[in-house]
Structure formats: C-alpha cells, structure tokens
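Below, the structure is given as structure tokens:
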C-alpha cells in the first residue's frame, strides 16, 4: 500500500465513525546515523519508522490519535479512538474548518537527492570519518569530544475530508562535531560546528571538521576582560539563538492572538533596524524546510515577515488564519506524525548584508565576537543571558585574544533595533533559519 | 506474544546480542486560554537489536513488528558492527552480570488504564480557569497533563528476559502576564513515576497558582543585576545543579573523556556539607527503573559523600573498562536508541536550615527561584536559567526581580556551600545527551556564591 492509500483508508473509517471532518497524516522515515564520542565511533544506527496521526472533528470538538503501526485493523481502531476522544472533549468555538484543496506549487528544486536516498550504513560511516580525519589531522592538540552524522529519507502523505491530498519525498543530511584543544594541561572550551544539506554534493564533512578544530584552537589561552557595555558580533548560530528565536515566537500568529507576542497588533510598525529584512520561504531552493506543502497540505509560499525593519505580518496555520478570516501562510508544522499541527517557520531567510565577517570585525573599535551561546532566551520578553562560548575580544578592528568565562545579556527586541551590520554569508541553522553574522550594540558583557 | 517473536529471532544470532521491545502509550490533554488545544492519545511501538561483533557494536530499529523485519534489524545491526570495526580503536568488553528473568511494574494506587479520560480533561480545564482568574494582568496560559505508560522488554543472548511497565504522570503550567508594554512568563511542573495519585500528592492547581503568582508579580519587576553574589538556590534549582553541573561529570563515558571528576575518586571535590547521590531505586522518582536497558539491576550510587568523590555512573562497557561493577545507568529514550550512561534520580541530601536561617548572614544577595533549562560542559562549567530573584538585604527577604542565567564551575559552587536547608523536594526533569530521557532531580535550598548574568 502507498502512504496515500493509508490516509484514504483512515478518512473512510473516520467518516464511518461519524466525524464531521477528518485528516490523516502518514510519515515514513529511514534514518542512518553515526555517533562519535570521546574521539571514537560510539554507535551506528539504522532506524525505520512509520506512523499515522488522525485528527477528527465532531461538533467543533477535536480528537487526535496516533499509531506507529500501519495496518488495516490498527487504522480502523485508531479512528474509533479518535472519535471517542472527541466525545469527551468540549467544543472549541474558534474552530472553523480544516483546509480546503488548493493547487500545489511545483516541488521546490533540490529537496530530494537520489544519491542520499541510496546511502547505506557504510557510506554514512565514511562521511563521519571524513570529518573526523579532517579535525584530527588539522592539529595534534585537537581532540573530538563528540559528534553525529545523520541522513534522513522522509516521505509524508496528507489527506483530509475536504479533498486535500498531498504526498512528497525529501532527503536531508546533517552533521556536527564538537572539538576541544588540549595544551600543557589546559583544555579549551567545546567548539561546535555543523552543517545541514538536502544533497550529498552540498554537504561538506571536511568543512565541519576543519572549522570545529579551528574554533577549539582559537579558544586556547583565554583571558578575562573587564565588564563593559558594548558591541557584540554574533556569528550565525548564536545570532539565530539569541535574536531570531524571539522573532520566530513573536510572528507566530497563535502567540499574537493570545497576547503572548509583544508584536500583537503591530503590523506595519517599525520593530527593528532598517537593515533587517526577513522572509519565510517554504519554496526556497534546496531549503532544509522546503516542500511544496505544509503539514496540513496547504501550499507553501513566500511570506514577507520583516521588511526594512517594518513588521509585515504573522505566520499562520489554517486554525489561526480562520480565526481572523485570513488565508493560511502554509506554516503548519509537526515534529512527527504523533503531534498535532502547530506553527513554525518553513525556511526563515534573513537577507544578507554586504560585509564578510572579517570586514565586520575590522570595523569594530571595541567589542567581542561570539561563536556559540549557551544560555537562556525568554522568547516572549526577549531577555537573554548566558555564556559566550568561543568568544574573542576585539580591539581596533582586530581579534586580540579568546575570552574566559564571559556572559552576555540584554534584550533581543532592543538588540534588533541596534543592529549595526549584517554579514554577507548566510548559514542554515537548526531553527530552519538562514542567518548571517549580526553585529549589535549596547550588550552587557559581564566577567567575574 | 511479542517476546516469543523476539526469542525466535534471537536464537539465530551469533556473538552477544540484545533485543528490546518498547511500547509507549501516551495521553495528553492541554488547555490553552480556556479552550482544549490538545487532546491526544496514541501508541508508538517498536523493537531494536544491538549486536556486539568482535568488540564493535551495531544497532538497528524498526516499527514494523514482523518476523522478517526483526530478522532484518538483527542483520543490519550485525553488518553495521562489522563495517565500523576497523574504524574503532577499542574493542568493547562487557562486565559480566547475572542474566535476570524478572517482571516489574510501577507501584500504583490509581492505575491510569483503569480511569476514564473525562475527569482528567475537566481537571485541566478547572486549573486553567483558576490560573486565568488569578489576576487581571494574566493574558494567556497553557495547562498540560500527560500520562506516559511504557511497556519494556529486554532479551539477551545470555538468556536475560525482563519485562517492565513504567508509568509516569506529569503536568505543567505556563503563564504569561502583560502590563503596560511589559511581558513576563512563568513555568511550573509536577509529576512522578506513579499512578494518578500524584495529582493528590502534588495538585496541578497548586503549580498553576505558583506560576500565575510569579508571572503576575514579575511583569512589572526589573531584571536582577549582574555580578558575583551570595545566593540561596531554591530546592528546585538545587536538583538542577546536582544533575547538570555535577552528575554529568560522573558519567563514566564523560569521565573517560577527561571530565572534571576523572582523577578525583577519594579526593575532596565539594564542601563537607554535600552528599550527592544518583539513585535508580528512588521511590516514585521520575528516572526510576528496576533494571536499566542493559538488563542490569539499578542501585543507589553515592557520587559524593560529605565532599569526597566516591563513585562514577557506569554501563556494562565502562564498568569493565574501569574494573568495577555496573551501576545500572545504561538507559535508552526508546527503541530507536542504544542505551548510554544516564542519570536516574540525582539529588543532594537534605540539611536542617530554615529559609530564614539561610538568609540570616547574607548582607546583600539573592534567593533564586524557579529553574529553567540548563547546560554543562564536562569541565564542570555550567549555566542555567532562573525565573525569579528575590533580593536579600541584611539577612531579610526583600523585593522580587526577574531571574537571570547563573553560571560558574559546579565544584567551586559546591565548595562554597556553607549551609543546606530542610525543604527537600524531588522533582521531574528531562535531560538531553544525544537522546533525551526522564530524570529525577532533588535537593533542598542551599547557600553559596554564584555569577549572575543580569542586564544592569
């Protein structure tokens, strides 16, 4: 049976069980992963998983059931269970409807790679070894603490009782390495580097190994700096964690509707520096979050989020869109078949600036560069505080020395108003956001 | 029966081999702003094979529980082990354990399987109502309650055959308050490895009111200042400290990698006030299991006894390497993961000070409350978030400020502990170490010094 055969079968049983509306989501995933730990291969795994999630609506009451077993009998039982859950629920007056069919765009280019799909355990092992050898070979002082290389072959199918029907296949490669450098009994802080891509050709384990080793070495012999308030250059990864995360939370229409977003009701207003432009693009070529439809089967699209510092709008799934009598922006998201759709970005693309990271650094009179952030970010209020990892002190446009136990803190919503420069090189991050390095001002830099 | 199916396949294996079966039955009800947001139930089940070929592990899992697929995961695991063998420096050897044939089930007064779901739905609806009604500045909330009912089977080629049923009931409340352009959130959780009686012992409604009170109060509060301060860490944060900052350094795989505790057995690593334990048999502990996922009986492991480092946490593999007995710390999140060394229920033993006594000799400092997520490097450096910082001035509690991230070296922090409170509590937690897992974290409020990262 194809995945769509299972979703159709589920809809039939839901109708029999007396549902007003129903939706079935089937996912099949093959994962191969290699885990490195303590400079060695720790484990290799081949994982096969499939499952179905069924959403039923009866008199505006919602029930959701999932199962990892795809068979005629389990699907029939799951549909009956979903219906009985809906029965013990209470009606949601905000419920309008599941999405209705719309013409789907062509599959975005480069989201499925035959070569990746055909990889076996040996091939993934080789990927990990390439990164490993590069890091170890880079410098004798470098040790690999841990790492992980994974490939995914993912297939999803969605059908709903209004006639939405969609099916797509994607591939993804992902890898990270954490290196430490050791010299005269001193251990550097943990240097993290990763990459993610849709196809084998776009994925470079060597780059991961080299950059991670470089970062570890660069953090040896750290010095403390006196606390000051000033400029911080956030590399892509910490920029995503510190600045982009609260933005993602604030443009989530559900958060806005519930008063959980400081930007609720601020469409059209200036919320950030003119330098900041952000687009959510579910059709971004080779994008790590790209596909022709979202996880409710609604077509993916390009949605402006912030243009020149001005808030353009919010990201919706069908539920939040219906509440405002709007069209969904195709941002329904699920972490798996066992989850109800929520809202998340597809690919959040931060428009690149003109300067390379080195050129941004050379323009800073006094400040620090942060390559990793280990701390807390309060998504609603934007408050952040945490340890600046692989951070270096910058003076008169030059990196002077690595920093010892330094914390940075501030407020992301203030910080994005104080953006001085946005870098030219954009990197994909774990948040499905493509982010360049960002230079902000007026950050608290705190040392013991 | 699934175990018969697994047994049949196991017979064909050569070398050491484990088959695990895991069925996770989940129920979740979540109410957001007075409306049911999630009402879910479902089952994820699957099996995995872990095979040791000439000292090299291979692992494979599937959700398709048919004879052919089980044989395939055994074959895949075997060929992965063989393929990676030339790349591995060390040959894995396992400490020997007596293969057990046993059954275990979480002791429960109210087995959630025997109760209807309606009353849980209405309980969560009621808590949400109370939370929203707490104050006018509360604009949004989420109240969630979960039941995770695990059935586990462990079979090995050494003839171990263990089945366990582990039931966890837990809930949490998230509250958002807004006032004059300010926004604040607060979070509280309850839970245990137990039946639904946990709701009588630690009512979800109380957690809701604590969170509502905090968000409502902090919305107009300033953020706590930065710098090195004398602090009292609330009991709920002490559990985090025990787990994040210290516990991880005692995990033998990290010890092997050169963690802070690597050469410290028998040496002083903390104030003599500190005794730190990881207990796999802690009654109702969130990380409690009778056997770990290598079929090893769990035990109470004393990591630090009155300031002296005594033991590490082991799997069969690391126990063999270190020449000690396995401690039963090999745990896997589900059938999609091989077991790695994880904590179970980690706590610092209680003391006898009241909160007022702890504050008494602090001239200027903070009482830090409400733990948020944390991280730690294996050199003992850690950071975690706090929700609230109550000012202490001349030994008295004063106004509440917004909490900030705290950081430092765990062992410095523990050396500076000069008093431990009597308000001991064991809480629930989730820990991520390549794979996540349920853990218990416990402790009583204590007094120490800490670097706070504020914004002023």
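Chains as they are written, first to last, in the working numbering: chain L, 1383 to 1830; chain Z, 1044 to 1499. Glycine included, every Cβ here is placed at the ideal spot set by N, Cα and C.
At a cut-off of 8 Å, the C-beta of residue 1802/L has no neighbouring C-beta in chain Z. Counting C-beta pairs closer than 8 Å gives three or more between the stretch 1233-1252 of chain Z and the stretch 1161-1181 of chain Z, which meets the contact rule. For residue 1418/Z, a Cβ of chain L is located within less than 8 Å of the residue's own Cβ.
Annotation: the continuous alpha helix (DSSP H) that includes residue 1279/Z extends over 1278-1283. For residue 1473/Z, the enclosing beta strand (DSSP E) stretches over residues 1468-1476.
The straight-line gap separating the alpha-carbon atoms of residue 1325/Z and residue 1331/Z is approximately 6 Å.
Annotation for residue 1743/L: no beta strand (DSSP E) segment contains it, though the alpha helix (DSSP H) segment containing it runs 1739-1744.
Chain-ordered, the chain L residues with CB closer than 7 Å to the CB of residue 1226/Z read 1644, 1762 and 1763. For residue 1414/Z, no CB of chain L lies under 8 Å from its own CB, so it is not counted at the interface with that chain.
For residue 1444/L, the C-beta contacts it makes with chain Z under 8 Å involve 1079 and 1082, in order along the chain. Along the stretch 1397-1430 of chain L, going in chain order, the ones with a CB nearer than 7 Å to a CB of chain Z are 1417, 1419, 1420, 1422, 1423, 1425, 1426, 1427, 1428, 1429 and 1430. Contacts between residue 1503/L and chain Z, judged by CB atoms closer than 9 Å, involve 1101, 1103, 1119, 1122, 1123, 1126 and 1127 in chain order. Residue 1481/Z counts as buried, since no fewer than 16 other beta carbons sit within 10 angstroms of its beta carbon.
Using a Cβ-Cβ cut-off of 8 Å, residue 1451/L counts as an interface residue toward chain Z, since at least one Cβ of chain Z sits closer than that to its own.
For the stretch 1145-1164 of chain Z, the set of positions with a beta-carbon nearer than 7 Å to some beta-carbon of chain L reads 1160, 1161 and 1164 in chain order. A distance below 6 Å between beta-carbons, with the five flanking residues on each side excluded, links residue 1407/L to the following residues of its chain, in chain order: 1435, 1540 and 1719.
Residue 1449/L and residue 1403/L have their alpha carbons spaced roughly 19 Å apart. In summary, the residues of the stretch 1518-1532 of chain L whose CB is separated from some CB of chain Z by less than 8 Å are 1527, 1528 and 1530, in the order they occur in the chain. Its Cα nearest to that of residue 1681/L, the residue 1549/L stands out among 1690/L, 1616/L and 1549/L.
Sequence-distant Cβ neighbours of residue 1445/L in its own chain, meaning closer than 7 Å and more than five residues away, are 1438, 1464, 1465, 1467, 1468 and 1471. The C-beta of residue 1422/Z comes closer than 8 Å to at least one C-beta of chain L. Near chain L, meaning a CB-to-CB distance below 7 Å, the residues of the stretch 1470-1488 of chain Z are 1477. In this structure, residue 1409/Z lies near residue 1267/Z, with their beta-carbon atoms less than 8 Å apart. Residues of the stretch 1455-1477 of chain L that bring their beta carbon within less than 8 Å of a beta carbon in chain Z comprise 1460, 1463, 1467, 1468, 1470, 1471, 1472, 1474, 1475 and 1476, in sequence order.
Residue 1722/L belongs to the set of residues whose beta carbon lies under 8 Å from a beta carbon in chain Z. For residue 1413/Z, no alpha helix (DSSP H) segment is defined; the enclosing uninterrupted segment is the beta strand (DSSP E) at 1407-1419. In the three-state reduction of the DSSP assignment, residue 1107/Z falls in the coil class.
If you draw a 10 Å sphere on the C-beta of residue 1211/Z, you find 16 or more other C-beta atoms in it, and that means buried. Here DSSP, grouped into helix, strand and coil, assigns residue 1605/L to strand. Within 10 angstroms of the beta-carbon of residue 1431/Z lie 16 or more other beta-carbons, which makes it buried.
For residue 1818/L, the CB contacts under 7 Å within the same chain, skipping 5 residues up- and downstream, are 1618, 1732, 1734, 1735, 1804, 1805, 1806, 1807 and 1808 in chain order. Annotated as distal: residue 1402/Z and residue 1434/Z, with beta-carbon spacing of 8 Å or more.
In the displayed model, residue 1122/Z falls within a helix according to three-state DSSP. Residue pairing from DSSP places residue 1411/L in a beta bridge opposite 1431/L and 1536/L. Residue 1415/L sits close to residue 1427/L, with the two beta carbons spaced by under 8 Å. Judged by DSSP in its simplified three-state form, residue 1825/L adopts strand.
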